[in-house]
Each structure stands twice: as C-alpha cells, then as structure tokens.
Amino acid sequence: MAKDFWIGEVHQGKYDDQEIELKGWVHRTRGSNKIWFIVLRDSTGLIQCVIKKTVVGDESFNLIKGALIESSIILKGTIKSTEREHGYELQVTNAKVVGPVNPDNPFPITESAMLEAEGGESEFLLDNRHLYLRTSRMTNMLKVRSTIFGAIHSYFRNQDFIEYQAPNFVAGAVEGGSTLFEVPYFGKKAYLTQSWQLYAEAAMPALERLYTIAPSFRAEKSRTRRHLTEFWHAEMEIAWASNDEVMKYGEGVVRTAASKLLEERESELNELGRDLSLVERYADNPYPRMRYDEAVEILQSKNVEIEWGQDLDYSKEKILTADFDLPHFLTHYPRIAKPFYHRPDPSDQKYVLCHDLLAPEGYGEIIGGGERTWSEEEILERIDEEGTPREPYEFYIDTRRYGGVPHGGFGLGVDRICAWLAGADHIRETIPFPRDSRRVTP
RNA sequence: GCCGACAUAGCUUAGUUGGUGGAGCGGUGGACUGUUAAUCCACAGGUCGCAGGUUCGAGUCCUGCUGUCGGCGCCA
30 MAKDFWIGEV
40 HQGKYDDQEI
50 ELKGWVHRTR
60 GSNKIWFIVL
70 RDSTGLIQCV
80 IKKTVVGDES
90 FNLIKGALIE
100 SSIILKGTIK
110 STEREHGYEL
120 QVTNAKVVGP
130 VNPDNPFPIT
140 ESAMLEAEGG
150 ESEFLLDNRH
160 LYLRTSRMTN
170 MLKVRSTIFG
180 AIHSYFRNQD
190 FIEYQAPNFV
200 AGAVEGGSTL
210 FEVPYFGKKA
220 YLTQSWQLYA
230 EAAMPALERL
240 YTIAPSFRAE
250 KSRTRRHLTE
260 FWHAEMEIAW
270 ASNDEVMKYG
280 EGVVRTAASK
290 LLEERESELN
300 ELGRDLSLVE
310 RYADNPYPRM
320 RYDEAVEILQ
330 SKNVEIEWGQ
340 DLDYSKEKIL
350 TADFDLPHFL
360 THYPRIAKPF
370 YHRPDPSDQK
380 YVLCHDLLAP
390 EGYGEIIGGG
400 ERTWSEEEIL
410 ERIDEEGTPR
420 EPYEFYIDTR
430 RYGGVPHGGF
440 GLGVDRICAW
450 LAGADHIRET
460 IPFPRDSRRV
470 TP
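Quick note: the first sequence uses this note's numbering, first residue 30, plus one each step.
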C-alpha cells in the first residue's frame, strides 16, 4: 500500500527509463479516443502521463478516460525524458482508478475560479477552502509555512531554549479586556488566551530561556489583510536580558526564517511570484533601530498629524515604512501608550523599554516585545496607574515577589511573517482554515 | 465600533431609457493517433441573495433584511 515513487523525484532524474508506479490525483486531462493525457498531481509536483489505447486495452482506456479532475488514480509505466513542455512523462502500461469523482458532482474549483484566486480570495474559494487546499497556490503556501515554523523551532532549540506550553483557557486578559473570547466553563466564565506571555514569565525563573509556537485568540472585529481571530503566535521569554538583547533574538529568528526559505523553498516562492532578491535582502542585512521620538519627527516632517504620546497606528506605520527597504525596530515608546508589563526606562521614566518590528512593503508590525517590569514595587505601580485590577494577576505579581530578575521577551505573528516573506496579498492566504470575525467555516 | 462596495447557471461573468436572461469554464454525448488552459459539433443546467413596494410589466427603480468583500480603529 505504501507509496514508493514521488513525482518530485522523477523531475530530479531518479527514474529515467525505469518502470515505476505513481499514485496521485488527476490535475488536468486532454486527448482523443486513441491517446489520453493526464497531468497527475502528488504532493511533490505534476507530471504528464500518456495513456495509449493500444497499450492498455479498450476497457482500461475507457475507465481512465472517465477519471475526472481530482480523481485519485494509480498509474504504472516507464519514465521517459521528453523535449516537450514537462521534461518527463510517464508512458503508462497499467491504469487504475482508486477514488472516482461523480460526473453529477464534479470538482467545483475550475479554471475560472482559479483566475479569480490570483488576485485575492473569493467568497467561493473561502467556502470551499477544504478543496482549495489542493491547488498549487495553497500547496506552495503551506510548504512555505511549514519551513517557517521549522525555522523558528530550530532557531530557538539551537540556542538551548526550552519549548514550553501555556494553557489556552485562561481567567484574565494580557491587555485591554475587550478583545477576549469568552467561553462557558462549568458555570463559570473562562477566556481563550491572547498570549502565552504571562504564563511564560511564571516559568522564567525555572527555565530561563523558553519559547513556544501556539495559537492566540483575539475577538477583534478587524477586517484587514493583517488580522485573524485565531493566529499562530511564536513567543519567547528570557531571563537576565535587556530590551537590546531581546531584539537580537527577534532579528535572529526572522532572518533565520528568511534564509531557510531561500534554502528550502526557492521554487515554491518563485511559483508564488515572490521576488527572491527581497527575501535575500531580509536574510542578509541587520535590521536598523529607531527610537519612537525619531519616528514621530519623521512623520511630522511628512506633515502627518501626530502628537508625542500617541501610539503609531497602521496608517502612520505605513507612511513611516514606505521608505524602508528592511524591517526596522521601533523602540522606547511613551509609557502611556503601552500596557503595564513594559518596563519604564530607568534613564527616563517617560519611556518604556520595548520594541516593535515593522516589516517593509506595507506588511506592518510583525513583532512586539521588550523588557518586563520586574520588581514588585514597580509592577504594582504600573498596574494601579493603568487602573487594572490586581486580583487576576496575583500569580504574575508573585513572580516578582520571589526572586524577580530582569527579563524580557517578544511575540511574533507567524502568519504575518508567512504573508510578508511569501508576498501574499492577505494573511488568510497563509493559513489553511482562516478565522475572522465573519467566518468560522469550513 | 465606524466607513465604503457587491450579490445573475456548480464557477467567472454580460445584461442598454424597465418589455420573454446570454457567453466562457466545468459536466454529458459525439468527432479527432502527441495534446499543453487541446480543438470542433451538440445537449443539459437559472425562484437573477431574501422580503416588501412602485408599475400594465422589475435582473434592472425604491425600502428593509441577510450574506460576503474591501478599508479604518485595535494589535501579532
């Protein structure tokens, strides 16, 4: 039953003139009543298979001719290299249909639906996401995504970080309570987590260097190409580290993801229409750093209405990053613009020791992080000044009561990195079953 | 929460000042011995998102609803 031969291997020249058996799905068909062509797909590529009536016999020929698009089939034959378009062909001697497609209900994703997909994602393709996954665009994107997830894991593990899991059901918010998903919990209320961070800080004194890749949930009615209600969040937390040191890891993990893509997914990126020289630039260059104050000055010089103390929203980020050809770290935001867990800068208490990493090409913020408020006194002051109740954070404050140390971390939007590095038009294109405020199906 | 669009066959869509809804893809039948989004001929496929209204007559005009898409705020 196992599958021994892969289309990708054929194109590497592994089976020239050999007899092999290919298992896969019908991508396209054409032909006459004497010769039939099937472009066969498997997870590794496409190959044209040639079926001649004189070779396989009338019965077999007619059966395979009835295999509609997306039927699963097994074809046995000989691999021949060819001067024609496909490089290699399978000269079929034996054909078998495994899972047919009923002509009354053919595969719904047609050329016309695919043409639409080049520009964006139609309602129809979102409704038929489970079938759209089989198309080359989605397949390429999922391979790119896998490489990025792998790169994040190996980056942290290679530096002795411990992968650590936090609960997804939580009692309180990390920030601004309005974006929590509430779920019934045996007569009580629980929430879906927005971030691993607070639980990571609890384990920081035990593990010192820790990371995760996990889903986070935000009940924001955001309708943008950068937002999902369920997104994959890569987070890290490290003891004894300053804002600067945390940023080095942020830069490191992003550049590692970019170079892994160049190593492993060049052809996929090409097929997705990505300009590889951009990805190379993101892999090979250090990311500049800029203080919030400088960013405000730049914006003011461009006649953008902004006052000191305002957070940088996306419309301002977009103007700021328009001239950037690399991701930039923005640091030292005003204390009043950031939540309580950010540590005030000891050299000027108006600022916090934090950073956002802003991607170029309009992809916006991909990392948010910084140094944490770590003394008991300071965390209580920050919680009170924000008007946040203390009770839900008692466990968090305890981290400071028993041997608090300087520490920091960041959260990285993995789907956003995928969208940016792959050059996707929408974050939805990078995740198999996207969830937003209007869609939880399929 | 706010702003702006759109909804016609399984899919992509055309539809004029309101007058019996067409095409391409996909499907079915047929033709064709090397096709490349194969080609050619024929056929099937429609409660024009839903509910009201105006009118002799509504896919088309008006109102409401629903759904979807795009953008803002919020963030990763």
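We treat Cβ as the ideally placed atom computed from N, Cα and C, and that holds for glycine.
Residue environment: Leu-305 is assigned as exposed (fewer than 16 neighbouring CB atoms within 10 Å of its CB, all protein chains considered). Excluding five sequence positions before and after Arg-303, the CB atoms of its chain that fall closer than 8 Å to its own CB belong to Leu-450, Ala-451 and Gly-452, given in chain order. Restricting attention to Asn-332, Leu-227, Tyr-161 and Glu-414, the CA atom closest to the CA of Ala-200 is found in Leu-227. Listed in chain order, the non-local C-beta contacts of Ile-396 below 6 Å within the same chain comprise Gly-279, Leu-386, Phe-439 and Leu-441, local neighbours out to five positions each way being set aside.
Residues of the same chain with a CB within less than 7 Å of the CB of Ile-191, apart from the 5 flanking positions on each side, are Leu-236, Arg-238 and Leu-239 in chain order. The three-state reading of DSSP puts Trp-403 in coil, since its state is none of H, G, I, E or B. Taken in chain order, the complete alpha helix (DSSP H) segments of 4 or more residues contained in the segment 221-254 are 226-236.
Just so you know, the alpha carbons of Lys-379 and Leu-209 end up roughly 29 Å apart.
Remark: fewer than three beta-carbon pairs, one from each stretch, lie closer than 8 Å, so the segment 464-471 and the segment 284-302 are not flagged as touching. Put simply, the backbone Cα of Asn-62 is about 44 Å away from that of His-455. With fewer than 16 other beta carbons inside 10 angstroms of its own, Ala-31 counts as exposed. The three-state secondary structure of Leu-291, taken from DSSP, is helix. Bridge pairing for Pro-213: Lys-218 [DSSP].
Distance from the CA atom of Gln-194 to the CA atom of Tyr-184, rounded to whole angstroms, is 18 Å. Of all alpha-carbon atoms in Pro-389, Ser-344, Glu-323 and Ile-335, the one lying nearest the alpha-carbon of Thr-350 is that of Pro-389.
Classified as buried, Arg-372 has 16 or more neighbouring CB atoms from the shown chains inside 10 Å of its CB. The beta carbons of His-384 and Leu-359 sit closer together than 8 Å. Rounded to whole angstroms, the gap between the alpha carbons of Arg-411 and Leu-382 is 14 Å. Judged by DSSP in its simplified three-state form, Glu-394 adopts strand. By the C-beta density criterion, His-256 is buried, having at least 16 other C-beta atoms within 10 angstroms.
With three or more CB-CB distances shorter than 8 Å, the segment 49-63 counts as touching the segment 78-92.
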